[in-house]
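Undergrad: Please see the structure below; I have some questions.
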Amino acid sequence: MHRYLDCNATYPQLPISLEAMVQAATAAPGNPSSLHWAGRAARRIVDDARDTLAAFVGAELGSVVYTSGGTEANNIAIHSVLSTANPGRIVTTAIEHPAILNPLETFVAANPEWELVKLRPNRDGVVTADSVEAAINDETRLLCMMYANNESGALQPVEEVAALCRNRSIPMLVDAVQMLGKGRLRFNELGIDFMSISAHKIGGPKGVGALLVRRGVRLKELTPGGGQERGRRSGTENVPAIAGFSAALGQLDFSVCRPVRDLFEAELVEKLPYVEVVSQCAVRTPNTSLVILPGLDGETLLMQLDLAGFAVASGSACSSGKREPSHVLLGMGYSELKARSSLRVSFAPDSSREDALALVEALVGADKRLKGMAGITA
Ligand SMILES: Cc1ncc(COP(=O)(O)O)c(C=O)c1O
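Each residue of the sequence shown is one higher than the one before, counting from 1 in UniProt numbering.
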């Protein structure tokens with residue numbers, strides 16, 4: 001039996017979203033920039049989708065810039081700010097997604113007159129507003145903070161930090177990719193300059209997302225071209241994907257995952273008391289559980305669970321064949337060994353108590369097998 005418990009990586013596309021894509025591709029075959037009937041039909045689909053998305057995230061229509069996903073949205077915002085500002089300080093957190101950390105690190109490596117400050121979280125995986133306040137100064141040109149961490153699920157104090165940035169006129173980019181559909185997003189109320197979101201975390205298609213841009217903020221294009229998206233993101237709009245994104249909005253209620261997630265954690269700790277639940281004291285996205293099973297290798301565990309039909313994630317990232325321990329756990333002060341012993345389970349709204357209990361059983365079995373092989377007795 002296959003159980004998909006890796007929803008923070010991606011959510012399998014919803015049939016309603018797929019249908020909207022097929023409908024858009026067949027009923028509106030034109031280029032939205034074309035003036036004829038076929039183009040107008042495509043334009044209507046994009047306009048309607050933009051309306052729906054803006055309302056869903058509490059933004060103005062003009063704020064929505066469609067992109068190829070969260071990564072591109074982050075890159076556009078970062079490029080726009082950094083390529084037009086005088087050298088200064090960039091403040092971010094050590095637990096950001098690589099879609100924030102990589103563009104910032106690449107920029108600073110090429111422009112050594114800039115300074116990058118990566119704030120460490122506390123033991124609960126939260127970067128406090130106090131630590132942000134202490135790090136920002138008159139030279140701060142950009143602040144990047146994620147809404148919810150993709151590994152631990154820990155929510156960050158985005159509202160408080162947004163107020164700090166507003167008071168000091170510091171542009172703020174919030175990576176809300178893991179928050180979309182899992183909590184309330186009100187872009188205008190935050191008063192920030194930028195927010196990134198992605199469709200595939202909520203059952204929409206992969207390869208489409210959006211950058212929300214505050215009214216009055218001029219966006220410098222990353223990929224100049226035909227001037228689509230009001231000159232903010234050139235390239236013919238991916239009409240079917242935009243329609244599929246729109247159709248997925250509001251379809252999933254992740255809050256129903258909470259009791260299943262809590263049952264999983266309680267049962268696991270009861271059966272294997274040495275297990276550590278990461279960020280258990282923080283406010284977390286309701287579907288996310290990051291656990292550390294000391295003495296076991298996360299990747300090996302993942303493969304064992306895969307054989308038993310479970311799709312989960314290990315905390316380590318695999319880049320160019322080299323396995324790196326989770327930078328999120330390292331940032332939280334966990335040892336490299338512990339960071340390599342982590343497993344992330346991200347439940348779906350239709351995950352059942354039975355799924356949670358079956359996963360616990362599979363983990364107990366894997367623990368016994370792997371420790372038996374290594375000659376370790378509990
Ligand atoms: C927090 C966060 N930011 C950005 C991204 C990248 O989004 P996309 O896959 O749409 O490029 C992800 C995807 O895993 C994410 O979890």
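C-beta: ideal position from N, C-alpha, C; glycine also.
Just checking N31 against ligand 1 - is the residue's beta carbon closer than 7 angstroms to any of the ligand's heavy atoms?
TA: N31: no, Cβ never under 7 angstroms from ligand 1.
Undergrad: So what's I192 in DSSP terms, helix, strand or just coil?
TA: Reduced to three states, the DSSP call for I192 is coil.
Undergrad: Looking at I202 and A241, is the spacing between their C-beta atoms short of 8 angstroms?
TA: no
Undergrad: Taking the DSSP output, what are the residues bridged to L249?
TA: Partner residues in a beta bridge of L249, as assigned by DSSP, do not exist.
Undergrad: Distance check for N137 and Q13, CA to CA, integer angstroms please.
TA: 43 angstroms
Undergrad: Using the Cβ count rule (16 or more neighbours within 10 Å means buried), how would you classify R323?
TA: exposed
Undergrad: What does a CB cutoff of less than 6 angstroms around E96 pick up in its chain, not counting 5 residues either side in sequence?
TA: M146
Undergrad: Go through its chain and collect everything with a Cβ distance to V275's Cβ below 6 angstroms, but skip five positions before and after it.
TA: L268, V269, V291, L293
Undergrad: Taking A49 as the reference, give the member of G244, P121, F347 with the closest Cα.
TA: G244
Undergrad: Check this for me: beta carbons of residue 438 and G365, under 8 angstroms apart or not?
TA: With the chain running from 1 to 378 in the structure shown, residue 438 is simply not present.
Undergrad: Mind checking E133: buried by the 16 CB within 10 Å criterion, or exposed?
TA: Exposed.
Undergrad: Tell me the rounded alpha-carbon separation between L302 and H200.
TA: 22 angstroms
Undergrad: Any contact between the region 166 to 183 and the region 118 to 128? By contact I mean 3 or more CB pairs, one from each, below 8 angstroms.
TA: no
Undergrad: Could you tell me which residues DSSP puts in a beta bridge with M146?
TA: D175
Undergrad: Between which two residues does the beta strand (DSSP E) containing E115 stretch?
TA: Secondary structure note for E115: its beta strand (DSSP E) is the uninterrupted segment 115 to 119.
Undergrad: Between N150 and ligand 1, is there a pair consisting of the residue's CB and a ligand heavy atom that are separated by less than 7 angstroms?
TA: yes
Undergrad: Is it the case that the Cβ atoms of V161 and A129 are separated by a distance below 8 angstroms?
TA: Taking a C-beta distance under 8 angstroms as the contact criterion, V161 and A129 qualify as a contact pair.
Undergrad: May I ask you to report which of helix, strand or coil DSSP gives S234?
TA: Three-state DSSP puts S234 in coil, outside helix and strand.
Undergrad: Give the straight-line distance between the Cα atoms of R44 and A339, rounded to the nearest whole angstrom.
TA: C-alpha separation (whole angstroms): 48 angstroms.
Undergrad: Can you tell me the Cα-Cα spacing of N238 and G375, whole angstroms?
TA: 55 angstroms
Undergrad: Going straight from the alpha carbon of S279 to that of S33, what length do you get?
TA: 47 angstroms
Undergrad: For the 8 angstroms Cβ check, are there 3 or more pairs between the region 210 to 217 and the region 55 to 65?
TA: Yes, they touch.
Undergrad: Find out if the Cβ-Cβ distance for the pair V217, L142 is shorter than 8 angstroms.
TA: no
Undergrad: Cutting at 7 angstroms between CB atoms, please list the residues of its own chain near E189, excluding the five before and the five after it.
TA: Result list for E189: G58, in chain order.
Undergrad: Any heavy atom of ligand 1 closer than 7 angstroms to the Cβ of Q13?
TA: no
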